[in-house]
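Asker: Chains X and Y, in that order, give the protein sequences.
With our numbering, letter number 137 in the first sequence gets 137, and the count goes up by one each step, no holes.
With our numbering, letter number 47 in the second sequence gets 1047, and the count goes up by one each step, no holes.
Number of protein chains: 2
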Amino acid sequence: MALHQSWFTEAVDRTGTAFSLKLGEKLHEEQTPYQKIEIYRTETFGHLMVIDGCTMVSTRDNFLYHEMMAHPALNSHPNPKTVAIIGGGDCGTLREVLKHATVKRAVQVEIDERVTRLAEHYFPELCSANPDPRATLHFGDGIRWMREAKPGSLDLIIVDSTDPVGPAEGLFGRKFYLDCLRALHRNGLLVQQSESPLLHLDLIRDMHRAMREAGFAQARLLHFPQPIYPSGWWSATLAQKTRGTLASRLNPATLARLKTGYYNAQTHRAAFALPNFVKTALKNS
Amino acid sequence: MALHQSWFTEAVDRTGTAFSLKLGEKLHEEQTPYQKIEIYRTETFGHLMVIDGCTMVSTRDNFLYHEMMAHPALNSHPNPKTVAIIGGGDCGTLREVLKHATVKRAVQVEIDERVTRLAEHYFPELCSANPDPRATLHFGDGIRWMREAKPGSLDLIIVDSTDPVGPAEGLFGRKFYLDCLRALHRNGLLVQQSESPLLHLDLIRDMHRAMREAGFAQARLLHFPQPIYPSGWWSATLAQKTRGTLASRLNPATLARLKTGYYNAQTHRAAFALPNFVKTALKNS
């Protein structure tokens, strides 16, 4: 069966999988200095942003990814005050971060300002926290920004990037992790999107190894559904600067104030529950 | 972008989503009295069985579904001895059920014998437990079988069916649930695949309501990844005949003997951790 112009399809040759959303129409297309961005109106998922042919964010299901990139890490740190988001230009992760009262300052370092400008237009709900006085939108190279960050100045680094090809490639390597480690304060955490547990276990294993080689004490996987990404099943990796059990600030009163669609104390714990095949694959990484 | 003959695509107009796997070739196609069955060799997911255009089972990711249809329910019952599987013709759920030493008898009631015969040929690993003396393969109408089942004769009913259209439609209604309830012994459980938590919440709500209207004391959702099904995120509903907390037979020694890829004590608990939006939708169902 062939899908024609009325569907947007992301087909990934390497994984042999494709995901499609029914359109709607193309609302915007541009080539920036970094990448090609398209915006579609879909029939059932709201707006869709596509970067270099890959589905990035949809109105309907982005809450899964954005919440799970922010809250498990923030609630695993004893007192997260300063947060840097590398990438994350659609501002959805920033919005989730700013839901935490402990956070005094959050900077989003996105290389491509056009991602943010288009998000402001087509995903205004994701940008609703941008005027927050605690937020800074910085447009520039995240790798360089991290290299120049003040040592010990960050409690949490969230790497909310595209796949490890093109501009994001350097965000998945030992050199970048060394810079992150230096920028992190005591108890500091790094969380990074780490692709599909089913399709990209090799990448996850390599990331965890690179994080430990850079000096992180521990790297833990968390996983969650994300329908518009390959396999519909996605992960993030949470790396700790120092040894010891992660904090688990799952205070019922605080959580009750957190307006979330997916995240709660139960799904926090569930995200860290690893399937046997993942445990086995990561055991000797 | 159009996907041509080198991909198999399941496009669902109603949900506005499509999933595709790269082929490979078509290995088999037949029209049975009940449905059209196709078998493909895919490039990265092994063999794929398609029924009436819907992806049913792939070599690579069926362990997720089959394990989660069997083990959470079996380990939620204090002593499951007799099990009936309605549908489940590929025999993967039966194989998982027979991994439990408590089970003395398991009958699989599949309407279409051709599903099983093709599974034996193209998914032999799923049929490896079929010669087990505790197993019975019965080919016939599951609705009728349940109507005629001896009252109180079953500890667990697993409804492992296709979507609620065509031959499986009657498996999602109050009348069928009444028959299940009568066939269940004290402490009896019914578990049924209940589609995607993101795409089919209305169906899930209707199912839970019908189960309670039939007299089940409680219906609980569990969820897990399933890449080849719409949205890549799937669920099952576990209904209890009698009130009270579910058993949680997560004995470490027993679990260590259970050879599974996804399921373990942690993913058992994780499966029952419901996202906020699901809790809200089911609250008043």
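All residues carry an ideal CB built from backbone N, CA and C; glycine is no exception.
All of these numbers come straight from a predicted model, not from anything done at the bench.
#1: Just to make sure I have the definition right: I need the residues of chain Y whose C-beta is within less than 9 Å of the C-beta of residue 269 (chain X). Which are they?
#2: Since residue 135 (chain X) and residue 98 (chain X) are thought to touch, with beta carbons under 8 Å apart, how far apart are those beta carbons, to the nearest angstrom?
#3: Given a cut-off of 8 Å, decide if residue 1087 (chain Y) and residue 1113 (chain Y) are closer than it, judged by their beta-carbon atoms.
#4: Is the Cβ of residue 1043 (chain Y) closer than 8 Å to any Cβ of chain X?
#5: Is it buried or exposed, residue 25 (chain X), if we count other Cβ atoms within 10 angstroms and call 16 or more buried?
#6: Name the DSSP bridge partner or partners of residue 1048 (chain Y)?
#7: Counting C-beta neighbours from all protein chains within 10 Å, is the total for residue 237 (chain X) 16 or more, i.e. buried, or is it exposed?
#8: Based on Cα-Cα distance, which residue from X:207, X:71, X:92, X:154 lies nearest to residue 164 (chain X)?
#9: According to DSSP, simplified to helix, strand and coil, what is residue 1011 (chain Y)?
#10: Counting only the same chain and skipping the five closest in sequence on each side, list residues whose C-beta sits under 7 Å from that of residue 181 (chain X).
#11: Whole angstroms is fine: what's the gap from residue 1226 (chain Y)'s alpha carbon to residue 151 (chain X)'s?
#12: With residue 1059 (chain Y) and residue 1123 (chain Y) assumed to form a contact (beta carbons below 8 Å), what rounded beta-carbon distance in angstroms separates them?
#13: I want to verify the contact list: residues of chain Y whose CB lies under 9 Å from the CB of residue 227 (chain X), in sequence order.
#14: Using the beta-carbon of each residue, which ones in chain X are nearer than 8 Å to residue 1076 (chain Y)?
#15: Residue 171 (chain X) touches chain Y at which residues, Cβ-Cβ below 8 Å?
#16: Go ahead and label residue 6 (chain X) buried or exposed: buried means 16 or more other beta carbons lie within 10 angstroms of its beta carbon, across all protein chains shown.
#17: Hey, does residue 1001 (chain Y) have any beta-carbon neighbour from chain X nearer than 8 Å?
#18: Tell me whether the beta-carbon of residue 189 (chain X) lies closer than 8 Å to the beta-carbon of residue 73 (chain X).
#19: Alpha carbon to alpha carbon, how far is residue 1141 (chain Y) from residue 266 (chain X)? Give it in angstroms, no decimals.
#20: List the residues that DSSP assigns as beta-bridge partners of residue 1234 (chain Y).
#21: Return the chain-ordered list of same chain residues with a C-beta closer than 6 Å to the C-beta of residue 1108 (chain Y), the five sequence neighbours on each side being excluded.
#22: If you reduce the DSSP assignment to three classes, tell me which class residue 82 (chain X) lands in.
#23: Does the beta carbon of residue 261 (chain X) come closer than 8 Å to any beta carbon on chain Y?
#24: So, does the CB of residue 251 (chain X) fall closer than 8 Å to a CB anywhere in chain Y?
#25: Can you check which of these residues, X:257, X:243, X:264, X:220, is closest to residue 283 (chain X) by C-alpha distance?
#26: Against chain Y, does residue 7 (chain X) count as a neighbour if the rule is that its beta carbon must be under 8 Å from one of theirs?
#27: Using DSSP's beta-bridge definition, name the partner residues of residue 1289 (chain Y).
#28: Might you give, ordered along the chain, the residues of its own chain that have their beta carbon closer than 8 Å to the beta carbon of residue 1183 (chain Y), omitting 5 neighbours on each side?
#29: Check the DSSP bridge columns for residue 138 (chain X) and list the partner residues they point to.
#30: Buried or exposed: residue 244 (chain X), going by 16 or more other Cβ atoms within 10 Å of its Cβ?
#31: If you measure between the beta carbons of residue 1229 (chain Y) and residue 1068 (chain Y), is that distance less than 8 Å?
#32: Determine, using beta carbons only, whether residue 20 (chain X) comes closer than 8 Å to chain Y.
#33: Look at the alpha carbon of residue 129 (chain X) and the alpha carbon of residue 187 (chain X), and state the distance between them as a whole number of angstroms.
#34: Taking the beta carbon of residue 38 (chain X) as the centre, do at least 16 other beta carbons fall within 10 Å, making it buried, or is it exposed?
#35: At the level of alpha carbons, what is the spacing between residue 161 (chain X) and residue 192 (chain X)?
#36: Strictly under 8 Å for the Cβ-Cβ distance: is residue 337 (chain X) near chain Y by that measure?
Answerer: Once the coordinates are examined:
#1: What you label residue 269 (chain X) is simply residue 269 of the first sequence in a count that begins at 1. Simply 1266, 1269, 1270, 1273.
#2: Residue 135 (chain X) sits at position 135 when you count from the first residue of the first sequence. Residue 98 (chain X) sits at position 98 when you count from the first residue of the first sequence. Right, their Cβ atoms sit about 6 Å apart.
#3: On the second sequence, residue 1113 (chain Y) is found 113 positions in, with the first residue counted as 1. On the second sequence, residue 1087 (chain Y) is found 87 positions in, with the first residue counted as 1. No. Outside cutoff.
#4: The residue labelled residue 1043 (chain Y) in the question sits at position 43 within the second sequence. Yes, because at least one Cβ of chain X sits closer than 8 Å to the Cβ of residue 1043 (chain Y).
#5: Residue numbering aside, residue 25 (chain X) sits at position 25 when the first sequence is read from its first letter. Label assigned to residue 25 (chain X): exposed.
#6: For this step, residue 1048 (chain Y) is matched to residue 48 along the second sequence. According to DSSP, which records beta bridges pairwise, residue 1048 (chain Y) is partnered with Y:1040, Y:1058.
#7: Position 237 of the first sequence, counting from 1, holds the residue named residue 237 (chain X). Buried is the call here.
#8: Walking along the first sequence from the start, residue 164 (chain X) turns up at place 164. Of the listed residues, the one whose Cα sits closest to residue 164 (chain X) is X:207.
#9: Position 11 of the second sequence, counted from the start, is the residue given in the question as residue 1011 (chain Y). DSSP places residue 1011 (chain Y) in strand when its eight states are reduced to three.
#10: Position 181 of the first sequence, counting from 1, holds the residue named residue 181 (chain X). The answer, listed in chain order, is 214, 215, 216, 241.
#11: Position 226 of the second sequence, counting from 1, holds the residue named residue 1226 (chain Y). Position 151 of the first sequence, counting from 1, holds the residue named residue 151 (chain X). So the two alpha carbons sit approximately 43 Å from each other.
#12: Looking up residue 1059 (chain Y) in the second sequence gives position 59. Looking up residue 1123 (chain Y) in the second sequence gives position 123. Yes, residue 1059 (chain Y) and residue 1123 (chain Y) are in contact; Cβ-Cβ is about 7 Å, under 8 Å.
#13: Stepping through the first sequence from its first residue, residue 227 (chain X) is reached at position 227. Correct list: 1017, 1196, 1198, 1199, 1230, 1231, 1232, 1233.
#14: Position 76 of the second sequence, counting from 1, holds the residue named residue 1076 (chain Y). Per Cβ cutoff of 8 Å: no residues; residue 1076 (chain Y) is ~17 Å from chain X at best.
#15: Stepping through the first sequence from its first residue, residue 171 (chain X) is reached at position 171. Near residue 171 (chain X) there are no residues of chain Y at all, since even the closest Cβ is about 25 Å away, more than 8 Å.
#16: Within the first sequence, the letter at position 6 stands for residue 6 (chain X). Classification of residue 6 (chain X): exposed, given that the 10 Å Cβ count is below 16.
#17: For this step, residue 1001 (chain Y) is matched to residue 1 along the second sequence. The predicted model places residue 1001 (chain Y) with a pLDDT of 46, which falls under 50 and marks its position as unreliable; any figure quoted below should be read in that light. With 8 Å as the cut-off, residue 1001 (chain Y) counts as an interface residue toward chain X.
#18: As a position in the first sequence, residue 189 (chain X) is number 189, starting the count at 1. As a position in the first sequence, residue 73 (chain X) is number 73, starting the count at 1. In contact: residue 189 (chain X) and residue 73 (chain X) (Cβ atoms closer than 8 Å).
#19: Sequence index remark: in the first sequence, residue 266 (chain X) carries index 266 (1-based). Sequence index remark: in the second sequence, residue 1141 (chain Y) carries index 141 (1-based). Whole-angstrom Cα-Cα distance: 39 Å.
#20: The residue labelled residue 1234 (chain Y) in the question sits at position 234 within the second sequence. In DSSP, residue 1234 (chain Y) forms a bridge with Y:1224.
#21: Here the question's residue 1108 (chain Y) lines up with position 108 in the second sequence. Once the five neighbours on either side are set aside, the close Cβ partners of residue 1108 (chain Y) are 1085, 1088, 1094, 1137.
#22: For this step, residue 82 (chain X) is matched to residue 82 along the first sequence. DSSP places residue 82 (chain X) in strand when its eight states are reduced to three.
#23: The count along the first sequence starts at 1 and reaches residue 261 (chain X) at position 261. True, the Cβ-Cβ gap to chain Y drops below 8 Å.
#24: To locate residue 251 (chain X), count along the first sequence from 1; it is residue 251. No, its Cβ sits nowhere closer than 8 Å to a Cβ of chain Y.
#25: Walking along the first sequence from the start, residue 283 (chain X) turns up at place 283. The shortest C-alpha separation from residue 283 (chain X) is found at X:220.
#26: Counted from its first residue, the first sequence places residue 7 (chain X) at position 7. Yes, residue 7 (chain X) counts as interfacial toward chain Y.
#27: As shown, chain Y starts at 1001 and ends at 1285. That puts residue 1289 (chain Y) outside it, with no answer to give.
#28: As a working mapping, residue 1183 (chain Y) is identified with position 183 in the second sequence. Only 1084, 1146, 1149, 1150, 1151, 1152, 1153, 1154, 1157 meet the Cβ criterion.
#29: Numbered from its first residue, the first sequence carries residue 138 (chain X) at position 138. According to DSSP, residue 138 (chain X) bridges with X:109.
#30: Residue numbering aside, residue 244 (chain X) sits at position 244 when the first sequence is read from its first letter. Exposed.
#31: Counting from 1 along the second sequence, the entry for residue 1229 (chain Y) is found at position 229. Counting from 1 along the second sequence, the entry for residue 1068 (chain Y) is found at position 68. Not closer than 8 Å, so no.
#32: Stepping through the first sequence from its first residue, residue 20 (chain X) is reached at position 20. Yes, its Cβ sits closer than 8 Å to a Cβ of chain Y.
#33: As a position in the first sequence, residue 129 (chain X) is number 129, starting the count at 1. As a position in the first sequence, residue 187 (chain X) is number 187, starting the count at 1. In a straight line, the C-alpha of residue 129 (chain X) is about 26 Å away from that of residue 187 (chain X).
#34: For the purposes of this step, residue 38 (chain X) is taken as the residue at position 38 of the first sequence. Flag for residue 38 (chain X) reads buried.
#35: What you label residue 161 (chain X) is simply residue 161 of the first sequence in a count that begins at 1. What you label residue 192 (chain X) is simply residue 192 of the first sequence in a count that begins at 1. Their Cα atoms are separated by approximately 8 Å.
#36: For residue 337 (chain X) there is no data in the structure shown, the boundaries of chain X being 1 and 285.
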